[in-house]
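Colleague:
Protein chains: 2
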Amino acid sequence: MIIMTSKPKAIVSPPSKEELNYRLEKVRNEMRKQQLDYYVSFDPVNIYYLTNFANNVHERPFILIIKGNDTPSMLVPLLEKSHVESRALCDLNYESYYEFPAPKGQNWYDVYQNLIDKDKKVGVESSLPIGISHRTPGNKVVTDIINEARIIKTDYEVGRSVHACRVINKGHKELLKMCQPGIHEFAIYQKITGIMTSKIITDIPNANFMVCKTTAAVWPPSFSHDPHIIPKIFAQMEEGGPHVSIVYAQVDGYGVEIERTFFLGKVSERAKKVFDVMFNAREYAYSMLQPGELMSEIDKKVRKFITEKGYGDYIIHRTGHGLGITGHEAPFLAEGYDRELEPNMLISVEPGIYIPNLGGFRHSDSVLITEDGFIKLSKAPETIEELTIPIKK
Amino acid sequence: MIIMTSKPKAIVSPPSKEELNYRLEKVRNEMRKQQLDYYVSFDPVNIYYLTNFANNVHERPFILIIKGNDTPSMLVPLLEKSHVESRALCDLNYESYYEFPAPKGQNWYDVYQNLIDKDKKVGVESSLPIGISHRTPGNKVVTDIINEARIIKTDYEVGRSVHACRVINKGHKELLKMCQPGIHEFAIYQKITGIMTSKIITDIPNANFMVCKTTAAVWPPSFSHDPHIIPKIFAQMEEGGPHVSIVYAQVDGYGVEIERTFFLGKVSERAKKVFDVMFNAREYAYSMLQPGELMSEIDKKVRKFITEKGYGDYIIHRTGHGLGITGHEAPFLAEGYDRELEPNMLISVEPGIYIPNLGGFRHSDSVLITEDGFIKLSKAPETIEELTIPIKK
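Listed in order, the protein sequences are those of chains C and D.
Under the working numbering, read the first sequence as residues 1 to 393, first letter to last.
Under the working numbering, read the second sequence as residues 394 to 786, first letter to last.
1) Between V162(C), E386(C) and F42(C), which has its C-alpha nearest N147(C)'s C-alpha?
2) Rounded to whole angstroms, what is the Cα-Cα separation between I395(D) and D765(D)?
3) A249(C) by DSSP, collapsed to three states: which one?
4) Would H556(D) pass as an interface residue toward chain C - the criterion being a Cβ-Cβ separation below 7 Å?
5) Decide if the stretch 410-423 of chain D is in contact with the stretch 559-567 of chain D; the criterion is three or more beta carbon pairs, one per stretch, under 8 Å apart.
6) Starting from the N-terminal side, write out each stretch of the alpha helix (DSSP H) that is 4 residues or longer and does not extend beyond the stretch 497-550 of chain D.
7) Of all Cβ atoms in chain D, is any one closer than 7 Å to the Cβ of Y337(C)?
8) Got a sec, what are the start and stop residues for the alpha helix (DSSP H) R480(D) sits in?
9) Among L739(D), F754(D) and K606(D), which has the Cα closest to the Cα of A664(D)?
10) Using only CA atoms, which one of G575(D), R543(D), T595(D) and K497(D) lies nearest to A557(D)?
11) Keeping to the same chain, check which residues put their C-beta closer than 8 Å to that of E174(C); ignore five residues upstream and five downstream.
12) Is the shortest distance between the beta-carbon of G524(D) and the beta-carbons of chain C less than 7 Å?
13) What number of angstroms, rounded off, separates the C-alpha of P613(D) from the C-alpha of R425(D)?
14) Against V124(C), what residues of chain D qualify as contacts under a CB-to-CB distance less than 8 Å, listed in chain order?
15) According to the neighbour-count rule (16 or more other Cβ atoms, all chains shown, within 10 Å of its Cβ), is Q250(C) buried or exposed?
16) Excluding the 5 residues preceding and the 5 following Y491(D) in the sequence, name in chain order all residues of the same chain whose CB lies nearer than 7 Å to its CB.
17) What residues match up with N486(D) in a beta bridge as DSSP calls it?
18) Among residues of its own chain, excluding the 5 on either side of R675(D), which ones have a beta-carbon nearer than 7 Å to its beta-carbon?
19) Please check if any C-beta of chain C sits within less than 7 Å of the C-beta of F616(D).
20) For a test of the three-state rule: what should DSSP assign to E99(C), helix, strand or coil?
21) Quick one: residues in its chain with C-beta nearer than 6 Å to the C-beta of E329(C), no 5 flanking neighbours on either side, listed in chain order?
22) List, in order along the chain, the chain D residues whose C-beta lies closer than 7 Å to that of F234(C)?
23) Nearest-angstrom Cα distance between T536(D) and G320(C)?
24) Helix, strand or coil, according to DSSP, for I755(D) in the structure here?
25) Please report the straight-line C-alpha distance between M399(D) and I762(D), rounded to a whole angstrom.
26) Any residues in the stretch 439-456 of chain D with a beta carbon nearer than 7 Å to a beta carbon of chain C? Which ones, in chain order?
27) Going by DSSP, what residues sit across from S296(C) in a beta bridge?
28) Taking 7 Å as the CB-CB cut-off, is V142(C) touching chain D?
29) Exposed or buried, what is D117(C) when buried is set at 16 or more other beta-carbons lying within 10 Å of its beta-carbon?
30) Using C-beta distances below 8 Å, list every residue in its chain close to V504(D), excluding the 5 sequence neighbours before and after it, in chain order.
31) So does the stretch 219-235 of chain C actually touch the stretch 325-341 of chain C, counting three or more Cβ pairs closer than 8 Å?
32) Across the stretch 301-318 of chain C and the stretch 122-130 of chain C, are there enough close Cβ pairs to call them in contact, namely three or more that are closer than 8 Å?
33) Does the beta-carbon of L377(C) have 16 or more other beta-carbons within 10 angstroms, so that it is buried, or is it exposed?
34) Quick check: the Cα distance between M4(C) and F374(C), rounded to an integer number of angstroms?
35) Measure the alpha-carbon distance for P72(C) versus L115(C) and round it to whole angstroms.
36) Give the interface partners of M237(C) over in chain D, defined as CB-CB distance under 9 Å, in chain order.
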């Protein structure tokens, strides 16, 4: 393992106008390269990235329109104008519409039509709803410029993610403390999300709850082989293992995760063997984490490693994914994603093995790529010895 | 007020296969009318409506494909297949893909391409992301057939909504009990969402938490004139009023709301006057709630009523919106929405008046349209006398 740099400082303050301007400049640079006159964003995550304003998408659209070097415009329902103003931390021109729906001539698309010149080149996101695309004037080109800009984190974003990891580290520590056979899923969820929420509020009293989310769950061995099933709330922890924990938090807009494979009381020989393969596959993945490495190759090599140990049939997902405003986003440690690692990418590393009638094996951490290698921002026990929890008598 | 029928029975059981088949048949009928060979749905709300499977949209797409009278197909990531199987309660053909992203030839769109014949007529939702629309074979027509089918509730959905209202009724009752000057926003949120969540779990132990959400908040008079601002977590309740409460719950897929304007201790003469106008505007709206009434006309008349009382400048939103799987959906009691009320529509009725430096005035209820008129499914005090809460010494 190569860990050359020390962990960056945690940040809890809101983004400065300079920070948001820097992000906007990244987008404008790319617009210039692609010779776009406009860029239109509807994705609430992308709008949040550039403005610090978060909304739940509902029937009243919010649309951000960037035109060259002009101050960006935001199309908002009248009702929400002051809400946007209270959260947006960049310069914006507001264009409001009456209501959804509205009398003829006063609908959102009536206002929208006038914000973009016809015959101009307009970049749109691939997530843009087709109903909004159809109302967008100009020659449209699908290009995910903001999603792309989000892949390489600024130092400010890294600092926020360091803080977000403190929240999940605390949550996960408490989760391991409370796990015992018979404990219900819901008790874990309630206690651990409560602890994390309290920490968020204490550290960031002005946190925007539209972009705060906390999750804590454990897949006990009876279904840990099935990592994307949603556990029932009265599922119980069991003696033995493998149990797989998931602790995720979006902390005022910064999403991170930590996951562990652990055992209560006893570990079977068979489970120990698979744990070791997972553990070593993970070490192998970490050994490749440095700028310049092809992300698809890392996934391919990790899969090959697990396959050679005899567990190839039990791989059901990629080695990792990007972290950021959401918990799942580009870049991907995945076959087919032929892109090099770069400093200030933030990714999960989580090769997994899932065997029916035995269980799932996966550790995940939130990891920062640095100039020299990587830094794990999340922290929890890793070895099978540390992760075998004695049963309280 | 015309209330002819008694409140339907509450239902907490999951939908039967017949219920889901009935919904699918509604969609198929409309497909036949529009001569569509296929209908494609990506919107998680529409997929949930037809299948009972709920997912958070992330980078791995789930796509439902309906082809004539064939069993519908669901394109799913391999990792999620068992998750879908564990929740979907209708017949489905599963088509899974490797991962996102994936090696060449194994991506979601490689599988997707083969599920739809070229040169056929394919209906797509207006919310379909343009990136998915571009990968959709066939001659595409934007038509919101499933959204349309959702507007008129089945009796089963009505029964679920009756139960969901019991959850918010309980939450709102407790909210009014705890409100006193100095109480923090966060305390309200935590206690009331806790109470509602406990009721959901108790009544529906197998509830799917992907489609459960609870919210409780109060806008104190210092910002109740601004209904869509998100309160800060340490905002405090104040002496006097108007305070405006919002209690919302999505109960295992059924979203309903209740909101009240209330006062702590004292009511100013000015506030009383505006409350009365809101109260009477609301009574007026209710007097028009019966099948055959044009929804745009109801909104127009209510606005006119408020305007004639001198408060036209303080209307910032429509009279109501539909309720269903989400809390905000068609149909709308809004100018520009020229559609008649029909039995088994479920809507909010909430004319509001918002005056800076005085506050907001709005009651909202979840209301079922019946053959004869309407039934309020949500329940809380309505008059200013009942809603002036004594301050505890």
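Glycine included, each C-beta is placed from N, C-alpha and C at the ideal position.
Modeller: In short, the structure shows the following:
1) F42(C)
2) Because I395(D) carries a pLDDT of 44, less than 50, the predicted location of this residue cannot be relied on, and the following value inherits that uncertainty. Each residue's Cα considered, the two are about 7 Å apart.
3) strand
4) no
5) no
6) 501-506, 523-526 and 538-544
7) yes
8) K474 to R480
9) F754(D)
10) T595(D)
11) K191, I192 and I195
12) yes
13) 52 Å
14) I523
15) buried
16) L471 and Q499
17) S466(D)
18) V742, P744 and H756
19) no
20) coil
21) G322
22) P598
23) 37 Å
24) In the sequence on display, residue 755(D) carries Arg and not Ile. Reduced to three states, the DSSP call for R755(D) is strand.
25) Note that residue 399(D) is Ser in the sequence shown here, rather than Met. One C-alpha to the other measures close to 12 Å.
26) H451 and E452
27) DSSP, once it has assigned bridges, lists no residue as partnering S296(C).
28) yes
29) exposed
30) L468, E488, S489 and Y490
31) no
32) no
33) buried
34) Because the pLDDT at M4(C) is just 47, under 50, the model does not fix this residue reliably, and the point stays unresolved.
35) 11 Å
36) What M237(C) touches in chain D: nothing, since even the nearest Cβ is about 17 Å away.
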